[in-house]
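*Asks:* Dropping the structure in here first, questions after.
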Amino acid sequence: MSTKYIFVTGGVTSSLGKGIICASLGRLLVARGLKVTIQKLDPYINVDPGTMNPYEHGEVFVTDDGAETDLDLGHYERFLDIRTSQTNNVTTGRVYFDVINKERKGAYLGKTVQVIPHITDEIQSHVLKLGQSGNYDVVIVEIGGTVGDIESLPYIEAVRQLRYNVGRSNTLSIHLTLVPYLSAAGELKTKPTQHSVKTLLESGLQPDILVCRTEHSLDDSIRGKVARFCNVDREDVIESIDARSIYEVPLLMQKEGLDTRVIEKLQLTTPAPDLTDWTSFVHAVCYPDHQVEIALVGKYVEHHDSYKSIVEAFVHAGAKNNAKVSIRWVQSDNLTAENVAQALDGVDGVLVAPGFGGRGIEGKLSAVRYAREQQIPFFGICLGMQCAVIEYARNVCGLNNANSTEFDESTDHPIIDIMYDQKDIENMGGTMRLGKYDCAVQPDTKAYEAYQSTEVEERHRHRYEVNNELRSILSDHGLIFSGINPGRDLVEMVEIPDHPWFVGVQFHPELRSTVQHPQPLFVAFVKASLVHAHNKA
Ligand code: GLN
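No gaps in the numbering here: position 56 of the sequence shown is 394 in my numbering, and each next residue is one more.
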């Protein structure tokens with residue numbers, strides 16, 4: 339069977355949740371036994387989002403192969419229980435970069451290099467790559483941005499051409515649009531959708547299915563009107579009403595018949611989707627028996643998307659523990675030794691978040707100290723783990739002013755430092771330890787108890803490490819290195835044995851948590867926080 343391609347565009351406005359719709363459709367197709375992946379095409383000029391500000395772009399999602407990608411890839415992995423790679427995220431910057439490199443090498447044989455055909459051909463070749471791997475029955479392609487944007491045009495044109503090149507029955511165009519409710523008129527309005535589809539038609543693309551985001555149910559007459567004006571069948575007008583949880587969206591889409599329509603149009607034959615596990619997961623998310631409050635200490639807390647995968651990993655781990663995890667967002671900039679007790683008062687767990695740069699570090703160190711001394715379950719991720727090590731060096735080992743050379747290059751005690759074999763790599767963006775690495779887990783530790791395995795793999799995104807030259811001072815004072823990267827002998831996990839649950843990890847466990855496979859350390863951390871809550875009561 340040749341690979342089928344589903345192109346998903348968005349209209350009217352951004353933030354309609356295109357990534358969630360793609361992930362939900364993907365989940366339904368996987369539940370029908372199909373092999374599916376999702377690709378995100380981003381119309382910005384950055385080659386990847388790796389250098390973009392978290393306020394601007396939210397979290398940078400890192401894949402196993404070390405690609406720094408859009409956070410929608412996180413949704414794809416969490417919903418579909420798949421692994422994505424660099425191929426799953428293409429930006430305009432990358433497309434131009436590749437075309438210009440080819441041009442410099444003379445690959446275009448002296449021709450004038452143009453948007454059409456060279457840029458559009460390059461986009462098509464990126465899209466076809468996943469299908470050509472032979473690994474997938476269906477590739478869903480999410481086109482970032484909103485139809486009508488100047489920068490989206492080459493993508494829409496590439497899709498238009500692709501639909502001819504790979505054959506009509508092998509492709510499908512889904513358009514996600516908004517049907518707003520005007521409270522003054524007391525009515526849902528279809529005009530923005532009509533205009534959006536008209537804009538698509540101007541570029542030669544007729545949508546096969548319309549998914550309409552709405553706050554109110556679409557009645558028959560609205561569905562009829564949308565169908566009539568937009569050239570689609572009435573059954574191809576799919577309502578996407580606000581959900582209690584993003585994880586409920588696949589169930590709502592199935593009720594609306596989205597997957598059935600897709601299967602029919604692509605001429606696929608599959609059994610009905612098996613959503614038993616998914617339904618019980620959604621039930622656990624919506625109706626948990628327990629509740630626990632965990633502080634997330636970081637400097638981007640006003641912008642929750644900066645911590646997207648952490649938030650979602652808590653949803654997965656919460657459901658596994660039959661608990662709702664409420665996050666108390668704590669801004670590290672304002673945290674001091676004096677106010678930390680008040681800021682963290684009553685929480686049952688403290689997570690110190692990843693990050694870059696010195697801002698907010700002293701606040702994070704206060705949070706670590708409070709959790710350590712008050713015996714509150716603690717989870718430090720990447721920079722959060724480095725803070726835990728600095729705090730331990732200063733306040734337990736007595737190395738006053740111990741620091742990371744990231745924040746103080748001339749510190750007397752560089753307990754966190756760049757390891758020598760990485761020091762000579764100069765370029766920003768080229769110096770990071772990125773992607774999946776092995777970690778050997780020491781038996782009889784909290785880490786082992788969580789993973790139940792001595793060999794695990796987790797994803798990384800950092801430059802600095804626990805300094806191997808000073809490592810013995812930490813272990814002499816009781817800190818345990820419960821995870822080590824065997825290849826380079828680097829500290830991957832630390833923990834304090836005489837504490838209910840104090841674990842720091844150099845990697846990003848949140849990036850591998852999925853609905854079907856909640857991340858073990860998150861599950862154990864939530865469990866420990868529940869015990870803390872229980873003992874308090
Ligand atoms: N800034 C730290 C480093 O580069 C931690 C990075 C992170 O938290 N992702 O090592």
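Backbone N, C-alpha and C fix where the C-beta goes; we use that ideal spot for every residue, glycine too. Please read all numbers here as calculations on a predicted model, not as lab measurements.
Output the distance between the C-alpha atoms of residue 729 and residue 419, rounded to the nearest integer angstrom.
*Replies:* Position 391 of the sequence shown, counted from the first residue, corresponds to residue 729. Position 81 of the sequence shown, counted from the first residue, corresponds to residue 419. Each residue's alpha carbon lies about 36 Å from the other.
*Asks:* If you run the structure through DSSP and keep just helix, strand and coil, what is residue 756?
*Replies:* As a first step, residue 756 is located in the sequence shown; it is residue number 418 there, counting from the start. Residue 756 falls in the coil class under three-state DSSP.
*Asks:* I'd like to check one pair, residue 714 with residue 686: are the Cβ atoms closer than 9 Å?
*Replies:* Translated into the one-based positions of the sequence shown, residue 686 becomes position 348. Translated into the one-based positions of the sequence shown, residue 714 becomes position 376. Yes, they are a contact pair.
*Asks:* Please list, in chain order, all residues of the same chain as residue 517 whose beta carbon is under 8 Å from its beta carbon, the five residues on each side excluded.
*Replies:* What you label residue 517 is simply residue 179 of the sequence shown in a count that begins at 1. Within the same chain, Cβ atoms closer than 8 Å to the Cβ of residue 517 are found at 526, 527, 528, 530, 531, 550, 551, 552, 556, 560, 564, the five residues on either side in sequence being excluded.
*Asks:* Can you name, in chain order, every residue of its own chain whose Cβ lies under 7 Å from the Cβ of residue 671, other than the five neighbours on each side?
*Replies:* Looking up residue 671 in the sequence shown gives position 333. Hits under 7 Å: 637, 697, 698, 701.
*Asks:* Could you please give the first and the last residue of the uninterrupted alpha helix (DSSP H) stretch that includes residue 711?
*Replies:* Position 373 of the sequence shown, counted from the start, is the residue given in the question as residue 711. Where residue 711 is concerned, the enclosing alpha helix (DSSP H) stretches over 699–711.
*Asks:* Just to confirm my understanding: we take residue 492, look at its own chain, exclude 5 residues before and 5 after, and list those with CB closer than 7 Å. What are they?
*Replies:* Counting from one through the sequence shown, the residue named residue 492 turns up at place 154. Here the set comprises 453, 457, 458, 461.
*Asks:* Run the proximity test for residue 772: is its beta-carbon closer than 8 Å to any non-hydrogen atom belonging to the ligand GLN?
*Replies:* In the sequence shown, the residue the question calls residue 772 occupies position 434. Residue 772: no, Cβ never under 8 Å from the ligand GLN.
*Asks:* Among the residues of its own chain, which have a CB less than 6 Å from the CB of residue 655, if the five just before and after it don't count?
*Replies:* Here residue 655 is taken as the residue at index 317 of the sequence shown, counted from 1. Hits under 6 Å: 856, 860, 861, 864.
*Asks:* At a cut-off of 8 Å, would you count residue 344 as near the ligand GLN, judging by its Cβ distance to the nearest heavy atom?
*Replies:* Along the sequence shown, read from residue 1 onward, the residue named residue 344 stands at position 6. Every heavy atom of the ligand GLN is 8 Å or more from the Cβ of residue 344, so no.
*Asks:* Would you mind sorting residue 754 into buried or exposed? The rule is 16 or more other CB atoms within 10 Å of its CB.
*Replies:* Position 416 of the sequence shown, counted from the first residue, corresponds to residue 754. Its Cβ being crowded by 16 or more others within 10 Å, residue 754 is buried.
*Asks:* I'd like to know if residue 670 contacts chain E, where contact means its C-beta is closer than 9 Å to some C-beta of that chain.
*Replies:* Here chain E cannot be found, since the structure has a single protein chain.
*Asks:* By Cβ distance below 8 Å, which residues in the same chain neighbour residue 488 in space, the five residues on each side in sequence not counted?
*Replies:* On the sequence shown, residue 488 is found 150 positions in, with the first residue counted as 1. Excluding residues within five positions, none has a Cβ falling inside 8 Å.
*Asks:* Would the beta-carbon of residue 867 fall within 9 Å of that of residue 841?
*Replies:* Translated into the one-based positions of the sequence shown, residue 867 becomes position 529. Translated into the one-based positions of the sequence shown, residue 841 becomes position 503. Contact flag unset, no.
*Asks:* Quick one: what's residue 831 bridged to in DSSP?
*Replies:* Within the sequence shown, residue 831 is the residue found at index 493, counting from 1. Note: residue 831 sits in a beta bridge opposite 821, 843.
*Asks:* Assess, as a yes-or-no matter, whether the segment 370–388 is touched by the segment 414–428 under the definition of 3 or more beta carbon pairs within less than 8 Å.
*Replies:* By the Cβ test, the segment 414–428 is in contact with the segment 370–388, since at least three Cβ pairs between them sit closer than 8 Å.
*Asks:* Residue 578 and residue 546: beta carbons closer than 9 Å?
*Replies:* Here residue 578 refers to the residue found at position 240 when the sequence shown is read from its first residue. Here residue 546 refers to the residue found at position 208 when the sequence shown is read from its first residue. No, the pair does not count as a contact, with Cβ atoms beyond the cut-off.
*Asks:* Considering only the alpha carbon of each residue, which of 694, 641, 779, 709 lies closest to residue 394?
*Replies:* On the sequence shown, position 56 is the one that residue 394 refers to. With distances taken between Cα atoms, residue 394 lies closest to 641.
*Asks:* Count Cβ pairs between the segment 467–477 and the segment 367–378 that sit closer than 8 Å; are there 3 or more?
*Replies:* yes
*Asks:* If you run the structure through DSSP and keep just helix, strand and coil, what is residue 771?
*Replies:* Stepping through the sequence shown from its first residue, residue 771 is reached at position 433. It is a strand residue.
*Asks:* Considering only DSSP beta bridges, list what residue 415 is partnered with.
*Replies:* Residue mapping note: residue 415 aligns to position 77 of the sequence shown, counting from 1. According to DSSP, residue 415 bridges with nothing at all.
*Asks:* Would you check if the segment 617–634 and the segment 590–604 touch, i.e. whether three or more CB-CB distances between them fall below 8 Å?
*Replies:* no
*Asks:* Quick check on residue 696: does DSSP put it in helix, strand or coil?
*Replies:* On the sequence shown, position 358 is the one that residue 696 refers to. Correct three-state label for residue 696: coil.
*Asks:* Among 626, 647, 495, 799, whose alpha-carbon lies nearest the alpha-carbon of residue 542?
*Replies:* Reading the sequence shown from its first residue, position 204 is the one you call residue 542. Of the listed residues, the one whose Cα sits closest to residue 542 is 495.
*Asks:* Three Cβ pairs or more, each shorter than 8 Å: is that satisfied between the segment 386–402 and the segment 356–365?
*Replies:* no
*Asks:* Cutting at 8 Å between CB atoms, please list the residues of its own chain near residue 846, excluding the five before and the five after it.
*Replies:* The residue given as residue 846 occupies position 508 in the sequence shown. If we look at residue 846 and ignore the five residues flanking it on each side, its Cβ neighbours are 400, 647, 692, 719, 720, 796, 797, 798, 799.
*Asks:* With 16 as the cutoff for other CB atoms within 10 Å, does residue 823 come out buried or exposed?
*Replies:* Indexing the sequence shown from 1 puts residue 823 at position 485. Buried: at least 16 other Cβ atoms inside 10 Å.
*Asks:* Where does residue 765 fall in DSSP's three states?
*Replies:* In the sequence shown, residue 765 corresponds to position 427, counting from 1. For residue 765, the pLDDT reaches just 48, beneath the cut-off of 50, and the residue's location in the model is therefore unreliable, although a value from the coordinates is still provided. If DSSP states are grouped into helix, strand and coil, residue 765 belongs with coil.
*Asks:* Closer than 8 Å: is that where the CB of residue 625 sits relative to any heavy atom of the ligand GLN?
*Replies:* To locate residue 625, count along the sequence shown from 1; it is residue 287. Every heavy atom of the ligand GLN is 8 Å or more from the Cβ of residue 625, so no.
*Asks:* Are the CB atoms of residue 466 and residue 497 within a distance shorter than 9 Å?
*Replies:* Here the question's residue 497 lines up with position 159 in the sequence shown. Here the question's residue 466 lines up with position 128 in the sequence shown. Contact: no.
*Asks:* Does the distance between the C-beta of residue 693 and the nearest non-hydrogen atom of the ligand GLN fall short of 8 Å?
*Replies:* As a first step, residue 693 must be located in the sequence shown, where it is residue number 355. For residue 693, the shortest C-beta to heavy atom distance toward the ligand GLN is below 8 Å.
*Asks:* Going by C-alpha distance, which of 621, 506, 851, 707 is nearest residue 651?
*Replies:* The residue you call residue 651 lines up with position 313 of the sequence shown. Checking every option, the nearest Cα to that of residue 651 belongs to 851.
*Asks:* Cβ atoms of residue 689 and residue 736: under 9 Å apart, would you say?
*Replies:* Within the sequence shown, residue 736 is the residue found at index 398, counting from 1. Within the sequence shown, residue 689 is the residue found at index 351, counting from 1. Contact: no.
*Asks:* Taking only the alpha-carbon atoms, compute the straight-line gap between residue 771 and residue 826 and give it to the nearest angstrom.
*Replies:* Numbered from 1 along the sequence shown, position 433 holds the residue referred to as residue 771. Numbered from 1 along the sequence shown, position 488 holds the residue referred to as residue 826. Approximately 12 Å between the Cα atoms of the pair.
*Asks:* The ligand GLN and residue 720: does any heavy atom of the ligand fall closer than 8 Å to the residue's C-beta?
*Replies:* Position 382 of the sequence shown, counted from the start, is the residue given in the question as residue 720. Yes; taking the cut-off as 8 Å, the Cβ of residue 720 has a heavy atom of the ligand GLN nearer than that.
*Asks:* Looking only at its own chain, which residues have a Cβ that is under 6 Å from the Cβ of residue 507, when we skip the five neighbours before and after it?
*Replies:* As a first step, residue 507 is located in the sequence shown; it is residue number 169 there, counting from the start. Within the same chain, residue 507 has close Cβ partners 605.
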